[in-house]
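Numbering-wise, the numbering used here comes out as the position in the sequence shown, counting from 1, plus 48.
Virtual Cβ for every residue (Gly too), placed ideally from N, Cα, C.
Computed from a predicted structure; not experimentally measured.
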Amino acid sequence: MIIQYPVNRNFPCGPILESFDNILERAVPERKEEIEKLISSITFEITDNPKFKLWEILPFPNLITGSRKAIEVIWALSYAYWEIYQKYICGATSLGQSIFFDKDVDDSKRLLSWALENIQSEYDGIELPPNLPSPANNYEPESSAHMAIEFTQMITAFYLFHELGHIVLKGQCSEQIDEEKACDKYAIDFMLSNCPSNCFTKRALSISVGFSLLNVIGIHEKYFNGITHPFTYDRLIDNLENYVDKNDDIVWGYVIAILSLHLTNQNIAQPTKEFERFYDCIEEYKNIFKTIT
Numbered sequence: 049m050i051i052q053y054p055v056n057r058n059f060p061c062g063p064i065l066e067s068f069d070n071i072l073e074r075a076v077p078e079r080k081e082e083i084e085k086l087i088s089s090i091t092f093e094i095t096d097n098p099k100f101k102l103w104e105i106l107p108f109p110n111l112i113t114g115s116r117k118a119i120e121v122i123w124a125l126s127y128a129y130w131e132i133y134q135k136y137i138c139g140a141t142s143l144g145q146s147i148f149f150d151k152d153v154d155d156s157k158r159l160l161s162w163a164l165e166n167i168q169s170e171y172d173g174i175e176l177p178p179n180l181p182s183p184a185n186n187y188e189p190e191s192s193a194h195m196a197i198e199f200t201q202m203i204t205a206f207y208l209f210h211e212l213g214h215i216v217l218k219g220q221c222s223e224q225i226d227e228e229k230a231c232d233k234y235a236i237d238f239m240l241s242n243c244p245s246n247c248f249t250k251r252a253l254s255i256s257v258g259f260s261l262l263n264v265i266g267i268h269e270k271y272f273n274g275i276t277h278p279f280t281y282d283r284l285i286d287n288l289e290n291y292v293d294k295n296d297d298i299v300w301g302y303v304i305a306i307l308s309l310h311l312t313n314q315n316i317a318q319p320t321k322e323f324e325r326f327y328d329c330i331e332e333y334k335n336i337f338k339t340i341t
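Take a look at the structure:
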């Protein structure tokens, strides 16, 4: 795969772009040979577009393109979600409660606000303020910022596998929405089937963020598609159900943390009763999404 980087890398994610070399092989090393054959004629372009734009494939000449702003937004969300999960959800009872910030996660709060402003902007995005954590800085291993870089790479790989699915599965589905479903399955299957046990949680968390981001957009725009693409909440929940054990409170708790956070931001009521597992309140969140228009 040829990766085309912006000539000018004087922006927050510029210093980490080199880590995107061989991004798919690094994300799923056990399928390296298969990946090399799959991407031999693919070009991955990261544009210097200051507007948030997720990856899309252009059929000629097999070009997958996305903006550097998308990488920066994914990094900011990954940083915030990891900190919020660690503080409010990890080891907690699944109450389905709203999440309210305190001063310990002030950086996460401001990163989330910045990311949402860029996601919702119809114009060129806003650059990351210098007083906030940035992927351009050096961080200790296992810190939130360092984990965010690893998540960003893995989430990007997941999106790229989805787009590659459009090439592999082209012509096999009669309807666009069916092809999107098939590409979701293709991507998640590529990353999680035959996944080494010590890699499963990090990959599953990254896929959760990838799907959850689509729901975050839906929550704030009050539109979850369901026409050209499956409803985003179905994409998130139905796909994870096929791979993640219902007793896995880490992955399902991570999903609930993300959804609860953004529903709280929009002042949308959430379930408050206690659940035995985080998975058990997932269906109630899906029902909440169905009422948002």
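With 16 or more other Cβ atoms inside 10 Å of its own Cβ, E131 counts as buried. From the listed residues C329, E170, L309, the smallest Cα separation to W300 is found for C329. The stretch 258–266 and the stretch 274–290 touch, with three or more beta-carbon pairs separated by less than 8 angstroms. Bridge partners of Q52 according to DSSP: E93. Residue range 245–269 is occupied by the alpha helix (DSSP H) that includes G266. Proximity of the stretch 121–140 to the stretch 197–216 meets the contact definition, three or more beta-carbon pairs being nearer than 8 angstroms. Taken atom to atom, the span from the alpha-carbon of Y136 to that of S88 is near 44 angstroms.
Per DSSP, G114 is one residue of the beta strand (DSSP E) stretching across 111–115. Per DSSP, I340 lies in no beta strand (DSSP E) and is assigned neither H nor E. The alpha helix (DSSP H) runs of length 4 or more contained entirely in the stretch 127–208 are, from start to end of the chain, 154–168. Of the residues L159, E227, I340, the one whose Cα lies closest to the Cα of I267 is I340. Secondary structure note for E223: it is in no beta strand (DSSP E), with a DSSP letter that is neither H nor E.
Secondary-structure assignment with DSSP links I64 through no beta bridge to anything.
In the structure shown, L309 falls within a helical segment according to DSSP collapsed to helix, strand and coil. Put simply, of N56, T204, Y291 the residue whose alpha carbon is nearest the alpha carbon of A75 is T204. For L106, there is no enclosing alpha helix (DSSP H); the residue is part of the beta strand (DSSP E) that begins and ends at 104–106.
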